[in-house]
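Data block below; observations after.
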Amino acid sequence: MNDAGRNTTVVHIGPDYPADPGILGRAAELSRLTGLLGAVDGTGPQVLVLVGEPGAGKSTLVDWTAEQGRARGLGVLRVRGSEGERGLGLSGVHQLLHPLLPGEGLPAPQRAALDRAFGMTQAQHEVHLDQLSLCIGVLALIGEAAARRPLVLLVDDVQWLDLGSVDVLGFLARRLEGKPVVLLLAAREEAVPARFDRDFPQVTVGPLGRAAAGLLLDAQPHPPRGRARTQIFQQAAGNPLALIELSRALARGRIGTGQDGGAALPLTARLENLFAADLPGLPEPTREALLLIAAAGTGRLADLLRAAPSSDIVQALDPAERVGLVRIEDGQVLLRHPLVRSAIYQAASFAERRHAHLALAGALADEPDRRAWHLAAAATGQDAEVADALAQSAERARARGGYAAAATALERAAELTPAAEPRARRLLMAAQAAMFAGHPQWVGEISGRVGDLTEDARLRAEASLLGGWALGVTLRHEEALTLLLGVAEATAASAPDLALSTLSTAATSVYNSGSPFHRAELRRIGALIEESDDPAGLAWSQAVIDPHRGRTRLLGLLKDALAAMEQESLSDLTALGGTTWILDETEDAVRILGQTMDVLRRAGSAGTNATVMQALALALFESGSWTAAQDAADEAFWMATEAGADNVTVGSCVLQATLRALRGDHTTARAQALEAVRGADLRRSLNLQVRHRHALAMAAFVAGDHADAYEQLRATFTRDFRPAPVHYHASLYYLGDLAAAAVRAGRREDARTVVEAVEDGLEPDRSPRLAAVLHRAAALLSDTDDAEKRFSAALADSTTDCWPFEKALIQLDFGEWLRRRRRSAEARPHLGAALECFQRLDARPWADRAAAELRAAGALAGTATATSTAGELTAQERQIAELAAQGLTNRDIAARLYLSPRTVGYHLHKIFPKLGVSARAQLRDALAQDPPR
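Under our numbering, read the sequence shown as residues 1 to 933, first letter to last.
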């Protein structure tokens, strides 16, 4: 659509002035915003992100949305980010929710969470507020208000919100489904928070076209002409605010025809300079008042009056209001645009800015957190007293679960701390807080500065440990291991506890990289640690070296660690969750990793949640809890996106793609798998490399492209004379699928070479799961009656019930093998059991195959499904059914069980026919007749 065909009515540019009904050159954007408002009834995406450069008109579109929302009878809640409040935890959320607080109608726990976060008084002994409780409280408050009147939430200048508020908004944005609420966010294009950068619909508010820009210039009081007009077009580059401001500057005689206007400066810098152009002509009291507003970060008139008690602030601001820089209403001083604030602040000298901050600090004696930040801004050098005040502010933020605010305060406190050693300790504390806030890149930046400040070996090692952790949750495994293994070796004799902790952290990157060299280093350095009080860390680091060798010894280490495990120790739980998973103790892995997530949520930590949730998703997938695995993978993805944990971002998408393929959606699965690794280099992340291959292989297998499926699976093993696993652990579990694809692709001999080489290289003491996988592969590739022995061996150990899908595949393959040898009566039990499992998992391609084989074996249609429809409820289904019988809604149940409402609905859809009911009201009686077994 060309510019001439667009809506081209004049509009004010700025957050504090109402938009005109029509907006120049923004027809497409207005259409998307209209759709967002329409989605309040749940008919479309309920979150939209506006992105664009400063001055593009994002705030105007936000204003337009507010007006349209009010015209539709919607409630409007607004927040605008402020540079001055970025260090104040949850200040943005408080501004948004202020009209709804204190939330009188909320349940006591949720109201208590809001009181702890936003209450006026805070007792020092109060329990810390965890992030999840706060988020749930905010969600409940919004839900309660929306039940009375649908809401539109408007968040402008997201890039200037405090990180804690961004975290809460990210949580809220992912849970609006089913609520009459829509959310619009606006941010500078280069500063969209990671929580909203990729995973919500975005509208880019780009530059205006030439025609629309010309109409905007023509609408100005003194439209520019001739060469000046061309110059403005060139300098403004379609930016609406620049077009207006340059036109006004020209009208005031500040731009000559032949002037280049500082073309060497970036556009944003030119604009900020233009915003300050009116300042020199304003009276000195006006400039001082404007600087107070800019330094304050908020426009509360009461703060300004207290900061300048001898001045008439309102009178002083009158000239600024007359030229359109500010507007005073409802006790607030509103600037025309956030860049006006930046321009005013940057135009002042440091002495002037310092005077303003000190005046504000004096006016905020009853707000210690804001006072501390103003004192810090006024500091002329290192100042122990101000540093202490910021450190105390950090502790208060930490007590409220505001780890990001705590990290910010501690980082600035460190800068102001005179002595090097305390400065290093505060930086280390800041890095730890940033880790709990879930920002690994920030952790790396802060921890990297500790070593230059101290010679304390312990502090330097702890900083390196945090730096290695930060690298390890990305895909930079080699860099992480260089750092971590070096620390572990250096401290093995002097600080064995720290060495083993570091080695345990390194083990995760060793596993993900799959590098033989790093596994050897893990073994070598581990042998240097003679004594250890960390059996969990020892078990994990040893299991990662080679989980398929010395299994009896590894299980002994695991048993000892489980006996010594502290129930609330995150390090113990995380290490043992990984150990049980890698050793195929899958049921224990699900239990321990689930317990780990509970502890993490209670602690209000976001730092390691993504990694643990990813491990839980894998364990749930392997245990046959596919719906729960899908939910966990989805949650892990969101956590990882917010944290910048690329390893989990990619891994969770690969798992979701695998699930889609296994459930029959091969087209979407392939697209998702390819998108997951776009821009990622997996050559040094062999775990993800082979898992990605498996996802693509399953998509190809379901699509009937068995040749491609085989090539993808074959690529998980080397092309050597004696093929070896590309990843020493993950590759082995794909041998059964490799054999199945080989049979259909005519590559039986090649696959047999792989299976025999791998089996010869393994010790006899294998996990029951791996043994079953190898038996299945060998049976499928066998040309003799030895196949029956291998199939029978694969099914002989009842422990394989722990991996239901893999067992069902064996039963299906064995049933097919038997039927083709005219042993239909023997085939039917295997095929029926396989079909029941596939139906329960919703693995449609395999269910269809099993059903077809069962019919060919002479079973009546529907025989195999009787058990599924009349069988027992699973533990999770019964829990959901009991909550629904109590009258809880799907959303209530989802919140209580940490599921999505859609998942709850899916389970109820399966529960109703199992219990023979058609409505929720019948559940109570049906459950009474079907007690737990």
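Backbone N, C-alpha and C define an ideal beta-carbon position, used for all residues, glycine too.
- Beta-bridge pairing by DSSP links I328 to V333.
- In this chain, D737 is not harboured by any beta strand (DSSP E); it is covered by the alpha helix (DSSP H) spanning 735-745.
- Per the Cβ contact rule, the segment 572-582 is not in contact with the segment 771-787 (fewer than 3 Cβ pairs under 8 Å).
- In the structure shown, G52 adopts extended strand secondary structure according to DSSP, grouped into three states.
- Per DSSP, A187 lies in no alpha helix (DSSP H) segment; the continuous beta strand (DSSP E) that holds it begins and ends at 181-188.
- T579 counts as buried, since no fewer than 16 other beta carbons sit within 10 angstroms of its beta carbon.
- Taking a C-beta distance under 7 Å as the contact criterion, A610 and A645 qualify as a contact pair.
- Selection L682, A296, A757, C653 evaluated against D199 yields C653 as nearest (Cα-Cα).
- A distance below 6 Å between beta-carbons, with the five flanking residues on each side excluded, links H830 to the following residues of its chain, in chain order: Q811, F814, G815.
- One Cα belongs to G704, the other to A857, and the distance between them is close to 23 Å.
- The Cβ-Cβ distance between G238 and D162 does not fall below 7 Å.
- The segment 559-571 and the segment 528-539 touch, with three or more beta-carbon pairs separated by less than 8 Å.
- With contacts defined as CB atoms closer than 7 Å, A39 and V182 qualify as a contacting pair.
- One thing to note: R195 has its Cβ no nearer than 7 Å to the Cβ of Q159.
- When the beta-carbon positions are compared, A389 and A361 stay at least 7 Å from each other.
- Residue pairing from DSSP places D156 in a beta bridge opposite R80.
- For the 7 Å CB-CB criterion, A406 and A394 form a contact.
- In chain order, A724, V726 place their CB closer than 7 Å to the CB of T718, counting only its own chain and leaving out the 5 sequence neighbours on each side.
- According to the DSSP assignment, V726 belongs to no alpha helix (DSSP H), since it is labelled neither H nor E.
- Taking a 10 Å sphere around the C-beta of Q68, we find 16 or more other C-beta atoms and assign the residue as buried.
- With respect to L172, Q46 sits apart: the two C-beta atoms are not nearer than 7 Å.
- Cβ neighbours of R72 within its own chain (closer than 7 Å, five residues either side excluded): L37.
- The residue from G514, S782, D765, H374 with its alpha-carbon nearest to that of R747 is S782.
- A distance below 8 Å between beta-carbons, with the five flanking residues on each side excluded, links V51 to the following residues of its chain, in chain order: K58, A186, A187, R188, E189, V192, Q202, V203, T204, V205.
- Per DSSP, the continuous beta strand (DSSP E) segment holding Q202 begins and ends at 202-204.
- Distance between P280 and A320, taken at the CA atoms: about 11 Å.
- Around the beta carbon of S501, 16 or more other beta carbons sit within 10 angstroms, so the residue counts as buried.
- Between the alpha carbons of L696 and A739 lies a distance of about 16 Å.
- Here the alpha carbons of G209 and L132 stand approximately 45 Å from one another.
- The continuous alpha helix (DSSP H) containing G537 extends over residues 535-545.
- Only buried fits A433, as 16 or more other CB atoms lie within 10 angstroms of its CB.
- Distances from the alpha-carbon of H374 to those of A851, D303, P207, T454 put D303 closest.
- Here F517 is exposed: its Cβ has fewer than 16 other Cβ atoms, across all protein chains shown, within 10 Å.
- A residue is called buried once 16 or more other Cβ atoms fall within 10 Å of its Cβ, and H98, having fewer, is exposed.
- The beta carbons of W626 and L659 sit about 6 Å from each other, so the pair counts as a contact at 8 Å.
- By the criterion of a C-beta distance shorter than 7 Å, Q95 is surrounded in its chain by V79, once the five residues flanking it on both sides are discounted.
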